[in-house]
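Plus 582 on top of the position in the sequence shown (first one is 1) and you've got our numbering.
Report on one structure; see the data block that follows.
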Amino acid sequence: MGKVSDQMEELDFESLLSSTEPSVNDFDGEVLTDVDVNTIRRFELNRELSEQEIVDAAEQLAAENWDLMNPVVLIPDDENIVDYIVMSGEKRWRAFKYGGQKLIKARIREDLTPRQAHRLNIKANTETVQEDLPTYAKRLKVYKETYNVSVKEMAEEYKHSSGYISDYINHLWKIREIDITRKLHDDDGVKDMLIHKHLIMIYGRSESAARSIVAFGKANNCFNRDYVLGAYKMSHADIEQDLMKWYAAGLTKEALNEIISPEERSNENDTRKDSRESSPVVPISTDVSNEDSSNSDGASEYATPEVSEKEEGEEVSERSSGLSLLSEESHIEDVHEEPEFIEVAGGACRKRALAAAEISVEYQGSNYFLDLNYVSVEEDKIVIVSVSGDKLVVSPSEVNIGYVS
Numbered sequence: 583m584g585k586v587s588d589q590m591e592e593l594d595f596e597s598l599l600s601s602t603e604p605s606v607n608d609f610d611g612e613v614l615t616d617v618d619v620n621t622i623r624r625f626e627l628n629r630e631l632s633e634q635e636i637v638d639a640a641e642q643l644a645a646e647n648w649d650l651m652n653p654v655v656l657i658p659d660d661e662n663i664v665d666y667i668v669m670s671g672e673k674r675w676r677a678f679k680y681g682g683q684k685l686i687k688a689r690i691r692e693d694l695t696p697r698q699a700h701r702l703n704i705k706a707n708t709e710t711v712q713e714d715l716p717t718y719a720k721r722l723k724v725y726k727e728t729y730n731v732s733v734k735e736m737a738e739e740y741k742h743s744s745g746y747i748s749d750y751i752n753h754l755w756k757i758r759e760i761d762i763t764r765k766l767h768d769d770d771g772v773k774d775m776l777i778h779k780h781l782i783m784i785y786g787r788s789e790s791a792a793r794s795i796v797a798f799g800k801a802n803n804c805f806n807r808d809y810v811l812g813a814y815k816m817s818h819a820d821i822e823q824d825l826m827k828w829y830a831a832g833l834t835k836e837a838l839n840e841i842i843s844p845e846e847r848s849n850e851n852d853t854r855k856d857s858r859e860s861s862p863v864v865p866i867s868t869d870v871s872n873e874d875s876s877n878s879d880g881a882s883e884y885a886t887p888e889v890s891e892k893e894e895g896e897e898v899s900e901r902s903s904g905l906s907l908l909s910e911e912s913h914i915e916d917v918h919e920e921p922e923f924i925e926v927a928g929g930a931c932r933k934r935a936l937a938a939a940e941i942s943v944e945y946q947g948s949n950y951f952l953d954l955n956y957v958s959v960e961e962d963k964i965v966i967v968s969v970s971g972d973k974l975v976v977s978p979s980e981v982n983i984g985y986v987s
């Protein structure tokens, strides 16, 4: 099987929460106490621990005469199943039980709401062991669904853009639900967020196209981020033929633009409508010359949450495949013909006289431009457009002006 590039980038999980975000261990005026190990239960959303992890922890604690340097953190059990729920230190608590210890030193936190406890539990889990993409994504998805919070609220709580959070809860949690992405992640070690996100979106439109893209990339040793993002722009009806043309032409941006005809770009834009909450942090352009600005501007947002095992300076072999989709920052250049009236996400709009000005706006954490070629059918709304050409009809109060050129 051909090589697969994971193109992993390191992410400090501390950045997922503000540096001032309280730790589950922080509580002024708390009192340490000894708690019966049998009056504690695990928090359902804690990561699963293997028996070997518990045995190893018990052996280490026994060697230290069960002297616990970091007490476990507990909250009262509102369901009254037992007295407490362990929010931080489940391994230590289970090691104490395994080792036959009756009591364990603990901090009791009675100041936390269930939502605060849940959020700080996510932080505690990522502080100890950096979880993989799908596991962490599912944590965020469960958190959102449990407390019915908006993406905007979560973005504020986790100090990230709305697009970054929505990518986790709308796309990345599916990595292990789809066999193609599961095998790439678990078997081939592909951790790149953008690769998985775009394959999942392709899979949603055409399962066969997603399988062809992965198989062709592996067979020709060119499977990497640039390749997947390029394939994402193609007409998925004839994906195998287009992939062969692109590969034969050296996988260049010029070749890709030749393959993607104006008609195909128009059709692709019409089918590339995510929900508002799932709009990406960095919109993907149908003109591959725009790719560099989107990837470079969003590099920190799209860094994988798993530490790379590659040594500094190690080259990824697939990057030498000649696939070069990246270039200097540019804006929308696609001027293909569109009907006078079109339906887009949020409502309908009609075409108006071409304007020369360019106005950058921010909407739900993502960068857009005010579409001066179209006006919303609803008088109180405006039309914005992503770098990829995807249009949205939104309320003016929902956007912030970036710059006017």
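Backbone N, C-alpha and C fix where the C-beta goes; we use that ideal spot for every residue, glycine too.
A direct Cα-Cα distance of roughly 22 Å separates residue 971 from residue 962. Between residue 699 and residue 693, the alpha-carbon positions lie close to 9 Å from each other. Taking C-beta separations shorter than 8 Å and ignoring five residues to either side along the sequence, the partners of residue 635 in its chain run 673, following chain order. The C-beta distance from residue 615 to residue 690 rounds to 6 Å, short enough to meet the 8 Å contact threshold. For the pair residue 818 and residue 791, the CB atoms are nearer than the 8 Å cut-off. Residue 686 is positioned such that its CB atom lies no closer than 8 Å to that of residue 637. The DSSP assignment places complete alpha helix (DSSP H) segments of no fewer than 4 residues inside the region 677–752 at 696–710, 715–729, 733–740, 744–752, in order along the chain. Each of 948, 755, 675, 727 was checked against the Cα of residue 620, and the nearest Cα belongs to 675. When DSSP states are grouped into helix, strand and coil, residue 959 belongs to the coil group. In the three-state DSSP reduction, residue 637 falls in the helix class (H, G or I). In its chain, beyond the 5 residues on either side, 673, 677 have a beta carbon closer than 6 Å to the beta carbon of residue 639. Beta bridge pairing from DSSP links residue 944 with 949, 982.
According to the DSSP secondary-structure assignment, residue 800 is paired through a beta bridge with no residue. Measuring C-alpha to C-alpha distances from residue 808 to each of 787, 789, 823, 781 identifies 781 as the nearest.
Classified as exposed, residue 728 has fewer than 16 neighbouring CB atoms from the shown chains inside 10 Å of its CB.
Shown here, residue 794 sits in a helix according to DSSP, grouped into three states.
Under DSSP, no beta-bridge partner is assigned to residue 653.
Per DSSP, the beta-bridge partners of residue 616 are 687. Distance from the Cα of residue 716 is smallest, within the candidate group 772, 744, 703, for 772.
CA-CA distance, residue 739 to residue 841, rounds to 43 Å. Residue burial annotation: residue 786 is exposed, with fewer than 16 other C-beta atoms found within 10 angstroms of its C-beta. Secondary structure at residue 929: strand, using DSSP grouped into helix, strand and coil. Taking C-beta atoms under 8 Å as the contact rule, residue 680 and residue 622 fail to qualify, at a distance of about 14 Å. Per DSSP, the beta-bridge partners of residue 667 are 623, 657. When only Cα atoms are considered, residue 618 and residue 793 end up about 53 Å apart. Only exposed fits residue 765, as fewer than 16 other CB atoms lie within 10 angstroms of its CB. Judged by DSSP in its simplified three-state form, residue 815 adopts coil rather than helix or strand.
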